Structures are given as structure tokens and as C-alpha cells.
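Taking it in order: structure first as C-alpha cells, then the write-up.
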Amino acid sequence: MAVIEMIGLQFIADTFHMEYKTVAGAIGVSKQTFQDWIKERRKIPQPRLEQLSQLFGIEDQTLFQKELLQSEKSEIMMVYLTKTDEHEEIEITDIDNHGNEYTTTQHYSQNRQLIEYIHEEQKRERLIEKVNALLNADSNEENENLRLFEDVVTVMQDQNLSKGTAMKMVLYYLVHRDNEWGIHPDYAKYEHKQFFEKLDKLFEEIGIKS
Numbered sequence: 010m011a012v013i014e015m016i017g018l019q020f021i022a023d024t025f026h027m028e029y030k031t032v033a034g035a036i037g038v039s040k041q042t043f044q045d046w047i048k049e050r051r052k053i054p055q056p057r058l059e060q061l062s063q064l065f066g067i068e069d070q071t072l073f074q075k076e077l078l079q080s081e082k083s084e085i086m087m088v089y090l091t092k093t094d095e096h097e098e099i100e101i102t103d104i105d106n107h108g109n110e111y112t113t114t115q116h117y118s119q120n121r122q123l124i125e126y127i128h129e130e131q132k133r134e135r136l137i138e139k140v141n142a143l144l145n146a147d148s149n150e151e152n153e154n155l156r157l158f159e160d161v162v163t164v165m166q167d168q169n170l171s172k173g174t175a176m177k178m179v180l181y182y183l184v185h186r187d188n189e190w191g192i193h194p195d196y197a198k199y200e201h202k203q204f205f206e207k208l209d210k211l212f213e214e215i216g217i218k219s
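Heads up, the sequence shown is in this note's numbering, so the first residue is 10 and it goes up one at a time.
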């Protein structure tokens, strides 16, 4: 079964449950012009992109005239859920440590949990997209990257937990050592054994900049 492709403008309008003629009317163009845009028969002029950006509250104007990645679709969905969210104040009655009853007011967001869920899923989507981008490079790099990912996955799946944990710490250190990498739960144990200090010395010996 063929996958139906659509550019961002069509996906955005559908996500916001707006008819195409409504979107066209809101920015002062004909429905036929809108159809030409989503069929990619014509490019969307910059002034119209600015109008669409304001209409939907989507800052990245490139999203309107490209085929979207899954993470970009998630971003648009979160914008929609945020704009259409309903908020209310709820009074909560509780009892303090001395047995006294008190009432507090809490802010309730109808879409908050769904937005948080989509945000977490988006992290996975972006990671998958990065991996795919590396694997879809030119043929020589693709083969090398594929072998590299296979090796990493093999170690991560190994039943030898010590080896797997060490690999996680090396990867985590390489990515995060210039900022908050020390928050990793295994940091203290490995630092106590001078793991990272020895790793830096090894990098220096073989000419890898830290």
C-alpha cells in the first residue's frame, strides 16, 4: 500500500482541523492557490509564510513547505494541543501535620499529560532520525557507520553487565563531559576509580582531543 505524502502546510491544516478554504480566506488567497501550494505546484511566497506562521503559531516557517519528519509532526501536534488547551483552577482540601484542614488552589491543564507524553516520544523520534541520517550517508560512510552501530548494539545487549555499563559511561562521558554529564547515577563509582581521568590520558596519548 502506497504511503500518501503531504507537505507541512497540509499536515498543519489537518492537525488544526481547519478547512483549506478557511486557511486560504484567513490569509487572503484563493482556495486554488492553497491547493497549488499543497500539491507543490507553486512555492509559498515569503509574505504568505509569515501569515501562516502567525495564524498557526508555528515559528519555523520551513515546516510549511517540506515533507515533515516524525519529530516535526510531533512538534506541530504539541503546538496545537498547547493552543487549544483548557485551563481551570481547582480547589484542593487537605489536612496538615497538626490536623488542621486547609484549602489550596491548583492549576489544571487538560492537555498537559498528553503534551508531556508526545514530548518524550519526540526524543526517541529525533534519535532515530539522527541514526537514519548517519546510515543514509554516502555508501562508504554508510557501511562504516553501520558496522559502528552494530558493534555498539552488540555491547549494549551483551549479558556481561559490567561491559555494558562501562560502554554506557564512555558514550555518556564523550557526549556530556563539557556540561552536566556528572549527573549520571554511576558517575561517583567510576570517578572514584579514576576511570575518566585515565580515559582522558588515553585520549591524549593517541591524539584524540578532549
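Even glycine gets a Cβ: it sits at the ideal position worked out from N, Cα and C. Computed from a predicted model, the values in this text were never measured in an experiment.
Which residues mark the beginning and the end of the alpha helix (DSSP H) in which D209 is found?
Per DSSP, D209 belongs to the alpha helix (DSSP H) from F204 to E214.
Could you give the residue range of the beta strand (DSSP E) that holds Q115?
E110 to S118
Going by beta carbon distance, what residues of the same chain come within less than 7 Å of L77, once the five residues before and after it are set aside?
G17 and F20
Pull up the CB-CB distance for E98 and H116, whole angstroms please, since I reckon it's below 8 Å.
6 Å
Would you kindly check if the distance between the Cβ of R50 and the Cβ of I36 is under 7 Å?
no
By the three-class DSSP mapping on this structure, what secondary structure does D220 have?
Since the first residue shown for the chain is 10 and the last is 219, residue 220 is missing from the structure and cannot be characterised.
State yes or no: is the C-beta of Q24 within less than 7 Å of the C-beta of I85?
At residue 24 the sequence reads Thr, which differs from the Gln that was named. Yes; because the gap between Cβ atoms is below 7 Å, this pair is in contact.
Taking Cβ to Cβ, would you say V164 is nearer than 7 Å to M178?
No, the pair does not count as a contact, with Cβ atoms beyond the cut-off.
Buried or exposed for L72, please, with buried defined as at least 16 other CB atoms from any protein chain shown within 10 angstroms of its CB.
Burial call: buried.
Output the boundary residues of the alpha helix (DSSP H) element that contains A22.
G17 to T24
Please tell me whether V88 and G66 are closer than 7 Å, where the distance is taken between their beta carbons.
yes
For E138, collect the residues of the same chain with a Cβ closer than 8 Å to its Cβ; drop the 5 residues on either side in sequence, then sort them by chain order.
Cβ within range, chain order: L78, Q79 and S80.
Where Y29 and E130 are concerned, what is the direct C-alpha to C-alpha distance, given to the nearest angstrom?
29 Å
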